[in-house]
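Some notes on the structure that comes next.
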Amino acid sequence: MNAAGNAHPRPLLAARDLRVRIGGRHILHDVHLDVAPHGVTALLGRNGAGKTTTVRAILGLVPRTGSILLDGQDVSGLRTHVLVRRGIGYAPEDRGVFTALTVAENLRLAERPGSRPPDYALVHDLFPELRQRAGQPAGTLSGGQQQMVAIARTLLADNRLVIVDEPTKGLAPKIVTEVAEALERAARAVPVLMVEQNLAVVRRLATTCAVLVDGRTAYAGEAAPLLADPRATRRLLGVASGSTRGGQDPPGARASAAESPDTREAQS
Numbered sequence: 001m002n003a004a005g006n007a008h009p010r011p012l013l014a015a016r017d018l019r020v021r022i023g024g025r026h027i028l029h030d031v032h033l034d035v036a037p038h039g040v041t042a043l044l045g046r047n048g049a050g051k052t053t054t055v056r057a058i059l060g061l062v063p064r065t066g067s068i069l070l071d072g073q074d075v076s077g078l079r080t081h082v083l084v085r086r087g088i089g090y091a092p093e094d095r096g097v098f099t100a101l102t103v104a105e106n107l108r109l110a111e112r113p114g115s116r117p118p119d120y121a122l123v124h125d126l127f128p129e130l131r132q133r134a135g136q137p138a139g140t141l142s143g144g145q146q147q148m149v150a151i152a153r154t155l156l157a158d159n160r161l162v163i164v165d166e167p168t169k170g171l172a173p174k175i176v177t178e179v180a181e182a183l184e185r186a187a188r189a190v191p192v193l194m195v196e197q198n199l200a201v202v203r204r205l206a207t208t209c210a211v212l213v214d215g216r217t218a219y220a221g222e223a224a225p226l227l228a229d230p231r232a233t234r235r236l237l238g239v240a241s242g243s244t245r246g247g248q249d250p251p252g253a254r255a256s257a258a259e260s261p262d263t264r265e266a267q268s
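First residue of the sequence shown? That's 1 in full-length UniProt numbering, and the numbers climb one at a time after it.
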């Protein structure tokens, strides 16, 4: 099932035939993923489908085979720090905030020699609370505030693509709205690849999406038709199209092997 067509512009990032083995198990099987050159692309799937592993494979954080093209150039052999210098920003699921540093010090980590000066006015406009808490240790922030720091840091860097993994997970509804609004505004300037299970957020933000099922690409194309189709969302995501949360396993369901402690990278 693919909504892509020849009229679509070349993707900013294209992953082809991604395969990942962790602990002797195949986690990803020939995953294909296109990230649009503008707006938000959502990566969806049930728990354990391989979403986070796909992101980590793109960034070179787990061993993988396959190809990664960034703006048409093959970057498959580049190490993670080189990909970061090429302009891929990453806000991981655990946020990656340095708790002993202040908010301002965390944000200054985005500064790169030779790059344009960080636009602090932009992130303070998106997240006014960060200006107010600039001198506060990041370890004393709430989860939502730490998420703001993580996203703001990727936006401050001179990035061509921002990847955010579960940006609204575990956040209060008010903070979910604030984070979604910030990502919506940020995506007008820089493309975003978003791993997300809150379907209300996906409906609001994503123009294109890909769905993983058991480590394979089951859908790639426009987000709206998929999310409007109850049969498709139930089959691919395990929820009806009107649900808020996607990708949740039924209560008491047995965790998949990809979610075991030995293969933690495969979670989400």
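Don't be surprised by glycine CBs; every beta carbon is placed ideally from N, CA and C. On a predicted model such as this, the values are computed, not experimentally measured, just so you know.
Taking the alpha carbon of residue i as the point to measure from, which residue in the options has its own alpha carbon closest?
i	options	result
I68	N106, L107, G87 and L18	L18
M194	I22, V75, G24 and A91	A91
T80	L59, T99, S115 and K174	L59
Excluding five sequence neighbours on each side, which residues of the same chain lie with their C-beta closer than 6 Å to the C-beta of residue i?
i	result
S256	Legend: pLDDT at S256 = 32, less than 50; position of this residue unreliable, value from coordinates given subsequently. Taken in chain order, the residues that qualify are G48.
G89	T154, A157, N159 and V162
R203	L227
V20	I27, L28, T53, A57, V62 and R64
Q73	none
A187	G39 and V40
A134	V103 and A104
Can you name, in chain order, every residue of its own chain whose Cβ lies under 7 Å from the Cβ of residue i, other than the five neighbours on each side?
i	result
R16	H32, G66 and S67
V97	N106, A138, Q146, V149 and A150
E129	Q145 and M148
How is residue i classed by DSSP in three states: helix, strand or coil?
i	result
V62	coil
L12	coil
L107	helix
H38	coil
T168	coil
L193	strand
residue 285	Given a span of 1 to 268 for the chain in the structure shown, any question on residue 285 remains unanswerable.
T239	A small correction: the amino acid at residue 239 is Val; Thr does not occupy that position in the sequence shown. Coil at V239, not helix or strand.
L43	strand
V20	strand
V202	helix
Check for me: the alpha helix (DSSP H) holding residue i runs from which residue to which?
i	result
G143	G143 to L156
T177	P173 to A186
R85	T80 to R85
Looking at the unbroken beta strand (DSSP E) that takes in residue i, where does it start and where does it end?
i	result
V213	A206 to V213
A91	I88 to A91
T140	Segment: none, T140 is in no beta strand (DSSP E) and carries neither H nor E.
R216	R216 to E222
Mind checking who residue i pairs with in its DSSP beta bridge?
i	result
H124	Bridge partners of H124: none, in fact.
S115	Paired residues: none, contrary to the question.
R25	I22
Can you tell me whether residue i sits near the ligand FMN, meaning its C-beta is under 7 Å from at least one heavy atom of the ligand?
i	result
P92	As presented, the structure is devoid of all ligands, the ligand FMN included, so that no description of it is given.
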